[in-house]
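K.L.:
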Amino acid sequence: MHAVWPDDPGEALALQARLRRRVVARGAPTPALVAGLDAAYSRDGATVYGAAVLFSFPGLEDVDEAWTACEARFPYVPGLFAFREGPALCAALERLDRTPDLILVHGHGTAHPRRCGIASHLGVLLGIPSIGVADRLLVGKAGEPGAERGAAAPVCFEGEAVGWAVRTRTGARPVYVSPGHLVGHAAAVDLVLAMSVGYRRPEPLRAAHRCASVARAGMTKR
DNA sequence: GCGACAG
DNA sequence: ATCTTGTCGC
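And the structure:
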């Protein structure tokens with residue numbers, strides 16, 4: 001048997017190689033419940049706070065929140081990010097009172113050196129459609145999207161579009177969107193834009209980021 | 001060999 | 001990611 005969350009980078013690479021074959025970057029889900037996933041770290045880096053916030057869609061109402069504190073076992077290695085935050089994010093997700101139809105993850109999906117970033121990884125593992133939204137590129141090059149909200153430019157890597165630079169807010173830097181699993185490129189961009197209202201990052205991710213920070217603050221006290 | 005490098 | 005206040009701009 002193989003571990004779901006190996007501690008060894010070599011083992012993680014082998015598992016990622018197997019998971020990447022199951023990634024399906026196609027589909028156009030019409031979710032009713034979307035979960036935003038993000039994490040925060042204790043100042044010494046020994047603890048990962050994973051947060052999952054459930055939103056209704058397209059209404060965008062915050063309907064449930066959950067978080068967990070886990071020991072940060074896996075080191076930060078660009079390309080193996082899922083093995084560092086995945087355990088805490090999955091644990092938080094399990095604490096929600098309902099299962100989402102779509103998950104939004106802070107990080108990349110297919111815009112990854114082996115096309116299997118944390119969004120794709122979690123999507124395949126959970127069997128739930130997923131989308132990755134990152135603040136900056138890990139791989140590839142992207143043109144500057146138009147200045148107005150809604151504009152997008154492809155992220156090219158090894159001769160193919162692996163994601164999109166999306167202007168979710170006029171006047172703000174673009175966000176990088178890529179399919180995680182069971183969602184195509186166009187649908188991923190459309191869904192992220194539909195969830196980005198007034199701010200650069202989509203609402204579920206803003207809420208998850210806040211939830212993780214609050215969890216850390218409340219834990220740091222006592 | 002020299003950079004680049006999600007959070 | 002995290003350490004950190006005020007401050008410039010829409």
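Numbering follows UniProt numbering, with no gaps: position 23 of the first sequence is 23.
Don't be surprised by glycine CBs; every beta carbon is placed ideally from N, CA and C.
Predicted model only: the values in this text are computed from it and were never measured.
(1) In whole angstroms, what is the alpha-carbon distance linking F74 and R149?
(2) Measuring CB to CB, does P174 end up less than 8 Å from P154?
(3) Please name the residue in L104, G123, S56 whose C-alpha comes closest to that of V24.
(4) Could you name each continuous alpha helix (DSSP H) segment of 4 residues or more that falls completely within the region 58-130, going from the start of the chain to the end?
(5) Please list, in chain order, all residues of the same chain as I131 whose beta carbon is under 8 Å from its beta carbon, the five residues on each side excluded.
(6) Using the C-alpha atoms, what's the distance from T170 back to R201?
(7) Leaving aside the five residues before and after A52 along the sequence, list all residues of the same chain whose C-beta is less than 6 Å from its C-beta, in chain order.
(8) State buried or exposed for G117, treating a residue as buried only when at least 16 other CB atoms are found within 10 Å of its CB.
(9) When the Cβ atoms of the region 9-26 are set against those of the region 56-70, are three or more pairs found closer than 8 Å?
(10) Which parts of the region 134-190 are runs of the beta strand (DSSP E), unbroken and 3 residues or longer, counting only runs that do not cross its ends?
(11) Roughly how far, in whole angstroms, is the beta-carbon of H121 from the beta-carbon of G79, given that I think they are within contact range, below 8 Å?
(12) Leaving out five residues on either side along the sequence, give the residues of the same chain with a beta carbon under 8 Å from the beta carbon of F55.
(13) So for V4, helix, strand or coil by DSSP?
(14) When the Cα atoms are used, what is the spatial distance from E160 to R22?
(15) Report the start-end ranges of each beta strand (DSSP E) in the region 20-49 that is 3 residues or longer and not cut off at the edges.
(16) According to DSSP, is V214 helix, strand or coil?
(17) How many whole angstroms separate the CB atoms of A152 and V166, which I take to be in contact at a CB cut-off of 8 Å?
(18) Pick helix, strand or coil for V197, following the three-state DSSP scheme.
(19) Please check the pair A72 and R84, which I expect to be a contact at CB under 8 Å, by giving their CB distance rounded to whole angstroms.
(20) Do A88 and G143 count as a contact pair if the criterion is CB distance below 8 Å?
(21) For A46, which residues of its own chain have a beta-carbon under 8 Å away from its beta-carbon, when the five flanking residues on both sides are left out?
(22) For the putative contact between R20 and R98, defined by C-beta atoms under 8 Å, what is the C-beta separation to the nearest angstrom?
P.N.:
Judging by the given coordinates:
(1) Within the first sequence, residue 74 is the residue found at index 74, counting from 1. Within the first sequence, residue 149 is the residue found at index 149, counting from 1. If I take the Cα positions, the gap works out to 37 Å.
(2) Within the first sequence, the letter at position 174 stands for residue 174. Within the first sequence, the letter at position 154 stands for residue 154. Taking 8 Å as the Cβ cut-off, P174 and P154 do not qualify as a contacting pair.
(3) On the first sequence, residue 24 is found 24 positions in, with the first residue counted as 1. Comparing Cα-Cα distances from V24 to each of L104, G123, S56, the minimum goes to G123.
(4) 81-94, 118-126
(5) Translated into positions along the first sequence, residue 131 becomes position 131. These residues qualify, in order along the chain: L102, I103, L104, V105, G109, A119, V177, S178, P179, G180, V183, A188, L191, V192.
(6) Along the first sequence, read from residue 1 onward, the residue named residue 201 stands at position 201. Along the first sequence, read from residue 1 onward, the residue named residue 170 stands at position 170. Straight-line Cα distance between these residues: approximately 12 Å.
(7) Here the question's residue 52 lines up with position 52 in the first sequence. Cβ neighbours of A52 beyond the five flanking positions: A35, L37, A66, A92, L93, L96.
(8) Taking the first residue of the first sequence as position 1, residue 117 is located at position 117. Buried: at least 16 other Cβ atoms inside 10 Å.
(9) no
(10) 152-157, 160-166, 175-181
(11) The residue given as residue 121 occupies position 121 in the first sequence. The residue given as residue 79 occupies position 79 in the first sequence. H121 to G79, Cβ: 11 Å. No contact.
(12) Residue numbering aside, residue 55 sits at position 55 when the first sequence is read from its first letter. Within the same chain, F55 has close Cβ partners L33, V34, A35, G36, E61, D62, V63, M195, E203, P204, A207.
(13) Locating residue 4 in the first sequence gives position 4, where the first residue counts as 1. Note: V4 maps to coil in three-state DSSP.
(14) Position 160 of the first sequence, counting from 1, holds the residue named residue 160. Position 22 of the first sequence, counting from 1, holds the residue named residue 22. Going by the C-alpha atoms only, they are around 19 Å apart.
(15) 33-41
(16) Position 214 of the first sequence, counted from the start, is the residue given in the question as residue 214. In the structure shown, V214 sits in a helix (DSSP, three-state: H, G or I).
(17) Numbered from 1 along the first sequence, position 152 holds the residue referred to as residue 152. Numbered from 1 along the first sequence, position 166 holds the residue referred to as residue 166. Contact flag correct, Cβ pair sits at about 5 Å.
(18) On the first sequence, residue 197 is found 197 positions in, with the first residue counted as 1. Of the three classes helix, strand and coil, the one that applies to V197 here is coil, per DSSP.
(19) Residue numbering aside, residue 72 sits at position 72 when the first sequence is read from its first letter. Residue numbering aside, residue 84 sits at position 84 when the first sequence is read from its first letter. With 8 Å as the limit, A72 and R84 qualify as a contact, their Cβ atoms being about 7 Å apart.
(20) Counted from its first residue, the first sequence places residue 143 at position 143. Counted from its first residue, the first sequence places residue 88 at position 88. No. Outside cutoff.
(21) As a first step, residue 46 is located in the first sequence; it is residue number 46 there, counting from the start. Here the set comprises E71, A72.
(22) Position 20 of the first sequence, counted from the first residue, corresponds to residue 20. Position 98 of the first sequence, counted from the first residue, corresponds to residue 98. Their Cβ separation, rounded to whole angstroms, is 29 Å, which puts R20 and R98 out of contact at 8 Å.
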